[in-house]
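Presented below is the structure to which this report refers.
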């Protein structure tokens with residue numbers, strides 16, 4: 003990125019009155035040390051607040067991103083480290099502003115994780131595919147990260 007900032011003009015402004023989105027996160031891509039998906043969720047929830055829009059935002063972690071939902075002990079065991087879950091504060095902040103955070107039940111099963119292994123307020127769904135289909139059929143827009 004350039005150290006010199008140039009003027010930025012938004013050519014296509016967007017302001018929504020309602021947001022219904024399901025974010026399917028099966029792996030983590032990073033912007034620096036921050037998972038892009040979590041940054042994007044922060045971005046859209048900030049937009050929603052600015053617009054004063056009604057919203058229903060659901061994020062489903064699955065496959066290689068399921069560990070984001072784990073408490074410190076389960077995270078350490080799963081990732082073979084001793085630092086705890088570095089994403090727990092970011093996840094809690096999203097939940098605090100109304101994002102519904104879910105873990106794919108199939109991912110939990112294959113990894114041997116139970117409800118007691120999760121961060122507070124995270125729900126386990128049947129599986130990511132069925133849940134995403136359900137929400138899309140209810141009018142949610144699917145965002146894949």
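Numbering (this note's numbering), first residue to last: 3 to 147.
Each residue gets a CB set at the ideal place from its N, CA and C atoms; glycine is no exception.
is_contact[residue i, chain E] using C-beta, thresh 9 Å
{"i": "residue 83", "result": "Looking for chain E here will not work: only one protein chain is present."}
Per-residue DSSP class, three states only, for residue i
{"i": "residue 23", "result": "strand"}
{"i": "residue 80", "result": "helix"}
{"i": "residue 87", "result": "coil"}
{"i": "residue 48", "result": "helix"}
Residue i vs residue j beta-carbon contact at 9 Å
{"i": "residue 125", "j": "residue 134", "result": "no"}
{"i": "residue 16", "j": "residue 142", "result": "no"}
{"i": "residue 127", "j": "residue 61", "result": "no"}
{"i": "residue 64", "j": "residue 130", "result": "yes"}
{"i": "residue 59", "j": "residue 93", "result": "no"}
Buried or exposed by the 16-neighbour rule on C-beta atoms within 10 Å, applied to residue i
{"i": "residue 119", "result": "buried"}
{"i": "residue 112", "result": "exposed"}
{"i": "residue 27", "result": "buried"}
{"i": "residue 68", "result": "buried"}
{"i": "residue 110", "result": "buried"}
{"i": "residue 138", "result": "exposed"}
{"i": "residue 147", "result": "buried"}
{"i": "residue 82", "result": "exposed"}
{"i": "residue 39", "result": "buried"}
{"i": "residue 8", "result": "exposed"}
{"i": "residue 45", "result": "exposed"}
Whole-number beta carbon distance between residue j and residue i, since they are thought to touch under 8 Å
{"i": "residue 76", "j": "residue 115", "result": "6 Å"}
Contact between the stretch 106-122 and the stretch 39-59: three or more CB pairs below 8 Å?
no
So does the stretch 92-112 actually touch the stretch 64-79, counting three or more Cβ pairs closer than 8 Å?
Three or more pairs of CB atoms, one per stretch, sit closer than 8 Å, so the stretch 92-112 contacts the stretch 64-79.
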